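Here the structure comes first, spelled out in structure tokens, and everything after it is commentary.
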Amino acid sequence: MRLAAIADIHGNAAALEAVLADIAAQGIAPDSIVNLGDCLSGPLEAGRTADILVPLDLPTVRGNHDRYLIEHEAGKMHSWEADAFRQLTPAHLDWLRALPVSRVWREEVFLCHATPADDQLYWMERIEPNGVVGLKPRAEIEELADGISQSLILCGHSHLPRAVRLSDGRLLVNPGSVGCPAYDDDTPYYHRVEAGTPMASYAICERQGGDWSVSFRLVPYDHMSQSRLAGRNGRASWEAGLATGWLG
8 MRLAAIADIH
18 GNAAALEAVL
28 ADIAAQGIAP
38 DSIVNLGDCL
48 SGPLEAGRTA
58 DILVPLDLPT
68 VRGNHDRYLI
78 EHEAGKMHSW
88 EADAFRQLTP
98 AHLDWLRALP
108 VSRVWREEVF
118 LCHATPADDQ
128 LYWMERIEPN
138 GVVGLKPRAE
148 IEELADGISQ
158 SLILCGHSHL
168 PRAVRLSDGR
178 LLVNPGSVGC
188 PAYDDDTPYY
198 HRVEAGTPMA
208 SYAICERQGG
218 DWSVSFRLVP
228 YDHMSQSRLA
238 GRNGRASWEA
248 GLATGWLG
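Just so we're aligned: the sequence shown equals residues 8 to 255 in the numbering used here.
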């Protein structure tokens, strides 16, 4: 079994197109791509991203930013959602409403956005009070996987490509972010997540015998066009992150 996992597109249609082309070049068909959510929010091209994604009918789970788009009132949205909402049609929003919070793909792969019970909690990362982003202890990571029988577990949310082998052999994989390589947040403490590269990230997972392997792929694309778009839309942190993979 071989599949491609994408996550955290955040309305970056140019990055999505580059990743889909790279996936096809690896010989992976669209019916073997899974999408881990946070699809549209951001100051880029939410509508065009939705127009690409919806017809593909990929197995997709709902991320926290997808949820914000359908739960928050139009005048009370965060900036990422407000920027995207103006571009979305009722059909786009209906597609978001229909997404599950988790799902099992082909009986062997568990999909969620962040963790099974909380779409805003990093699964593998811990934030220190001083803002340092590090790896959680394995026991904490494994506790969040209780009750999941699948041998491959896929999540997104942190935008950082990472894999952790659990003590029972299950593999937990975050493919990184297709469209947003750097951001900051204040929960639970102020911190920055910076990939250090503007390239679009995704993962290829393959089972050979009883074991899963993972390859992370970083795909170049015209990231400066998206950086300039974010700048024109008044989002300086996005402009910097898309240009370099750093916030400054």
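Cβ coordinates follow ideal geometry from the N, Cα and C atoms, glycine included. Only a predicted model underlies this, so the values are computations on that prediction, with no experimental measurement involved.
>> Across the segment 151 to 166 and the segment 109 to 118, are there enough close Cβ pairs to call them in contact, namely three or more that are closer than 8 Å?
In response: yes
> Ordered along the chain, which non-local residues of its own chain (more than five positions away) have a Cβ less than 7 Å from that of A81?
Replying inline: One-based indexing of the sequence shown puts residue 81 at position 74. Here the set comprises F92.
> For G82, which of helix, strand or coil comes out of DSSP?
Replying inline: In the sequence shown, counting from the first residue as 1, residue 82 sits at position 75. Of the three classes helix, strand and coil, the one that applies to G82 here is helix, per DSSP.
>> V226 and S208 - do their beta-carbons sit closer together than 9 Å?
In response: Within the sequence shown, residue 208 is the residue found at index 201, counting from 1. Within the sequence shown, residue 226 is the residue found at index 219, counting from 1. Contact flag set, yes.
> Mind checking Q33: buried by the 16 CB within 10 Å criterion, or exposed?
Replying inline: Residue numbering aside, residue 33 sits at position 26 when the sequence shown is read from its first letter. Its Cβ having fewer than 16 others within 10 Å, Q33 is exposed.
> Sorted by chain position, which residues of the same chain lie with C-beta nearer than 6 Å to G238's C-beta, five sequence neighbours on each side aside?
Replying inline: The residue labelled residue 238 in the question sits at position 231 within the sequence shown. So the qualifying residues of the chain are E246.
> When the Cα of V140 is compared with those of P107, E52, P195, which residue comes out closest?
Replying inline: In the sequence shown, the residue the question calls residue 140 occupies position 133. Nearest in C-alpha terms to V140, of all of P107, E52, P195, is P195.
> Going by the beta-carbon positions, is the gap between G203 and G138 smaller than 9 Å?
Replying inline: By one-based count along the sequence shown, residue 203 stands at place 196. By one-based count along the sequence shown, residue 138 stands at place 131. In this structure, G138 does not lie closer than 9 Å to G203 by Cβ.
>> With a threshold of 9 Å between beta-carbons, can A152 be considered close to chain B, or not?
In response: Judged by its chain identifiers, the structure shown contains no chain B, having just a single protein chain.
>> List, from N- to C-terminal side, the beta strand (DSSP E) runs of 3 residues or more that fit wholly inside the segment 69 to 120.
In response: 109 to 112, 116 to 119
> Is it buried or exposed for E135, if we count other Cβ within 10 angstroms and need 16 for buried?
Replying inline: Here residue 135 corresponds to residue number 128 of the sequence shown, with the count starting at 1. The residue in question, E135, is exposed, as its Cβ has fewer than 16 Cβ neighbours within 10 Å.
> L179 and W130: beta carbons closer than 9 Å?
Replying inline: Counted from its first residue, the sequence shown places residue 179 at position 172. Counted from its first residue, the sequence shown places residue 130 at position 123. It is a contact, given that the beta carbons lie within the stated cut-off.
> Quick one: is H120 buried, meaning 16 or more other Cβ sit within 10 Å of its Cβ, or exposed?
Replying inline: Translated into positions along the sequence shown, residue 120 becomes position 113. Classification of H120: buried, given that the 10 Å Cβ count is 16 or more.
> Taking buried to mean at least 16 other C-beta atoms within 10 Å of its own C-beta, is G70 buried or exposed?
Replying inline: If you number the sequence shown from 1, residue 70 lands on position 63. G70 should be labelled buried.
> E213 by DSSP, collapsed to three states: which one?
Replying inline: The sequence position of residue 213 within the sequence shown is 206, counting from 1. Strand, per DSSP.
> Which class does P205 belong to by DSSP, given the choice of helix, strand or coil?
Replying inline: By one-based count along the sequence shown, residue 205 stands at place 198. Coil, per DSSP.
>> Once the 5 residues before and after P188 are set aside, which same chain residues still bring their CB inside 6 Å of it?
In response: Position 181 of the sequence shown, counted from the start, is the residue given in the question as residue 188. Hits under 6 Å: A202, P205, G248, G252.
>> Rounded to the nearest angstrom, what separates G241 and L95 at their Cα positions?
In response: Residue numbering aside, residue 241 sits at position 234 when the sequence shown is read from its first letter. Residue numbering aside, residue 95 sits at position 88 when the sequence shown is read from its first letter. Approximately 19 Å, taken between the alpha carbons.
> Which word fits D193, buried or exposed, when buried means at least 16 other C-beta atoms lie within 10 angstroms of its C-beta?
Replying inline: Against the sequence shown, residue 193 aligns to sequence position 186. Around the beta carbon of D193, a 10 Å sphere encloses fewer than 16 other beta carbons of the protein chains shown; the residue is thus reported as exposed.
> What's the call for D29, buried or exposed, on a 16-neighbour Cβ count within 10 Å?
Replying inline: Here residue 29 is taken as the residue at index 22 of the sequence shown, counted from 1. By the neighbour-count rule (16 or more Cβ atoms within 10 Å), D29 is buried.
> Which whole-angstrom value is the C-beta distance of G163 and D45, which I expect to be below 8 Å?
Replying inline: Your numbering for residue 163 matches position 156 in the sequence shown. Your numbering for residue 45 matches position 38 in the sequence shown. At roughly 7 Å, the Cβ-Cβ gap stays under 8 Å, so G163 and D45 are in contact.
>> For V200 and L167, I'd like the C-alpha separation in whole angstroms.
In response: Along the sequence shown, one-based indexing puts residue 200 at 193. Along the sequence shown, one-based indexing puts residue 167 at 160. Those two C-alpha atoms are separated by around 8 Å.
>> Please report the distance separating the alpha-carbon of Y75 from that of M231.
In response: Numbered from its first residue, the sequence shown carries residue 75 at position 68. Numbered from its first residue, the sequence shown carries residue 231 at position 224. For Y75 and M231, the distance between alpha carbons rounds to 27 Å.
>> Quick check: what's the CA-CA separation for A124 versus Q233?
In response: Within the sequence shown, the letter at position 117 stands for residue 124. Within the sequence shown, the letter at position 226 stands for residue 233. So the two alpha carbons sit approximately 33 Å from each other.
> In the segment 226 to 250, which residue ranges form an unbroken alpha helix (DSSP H) of at least 4 residues, counting only runs that do not cross its ends?
Replying inline: 230 to 239
> Among F117, H85, I148, which one has its Cα closest to the Cα of L128?
Replying inline: To locate residue 128, count along the sequence shown from 1; it is residue 121. Comparing C-alpha distances from L128 to each of F117, H85, I148 shows the shortest one belongs to I148.
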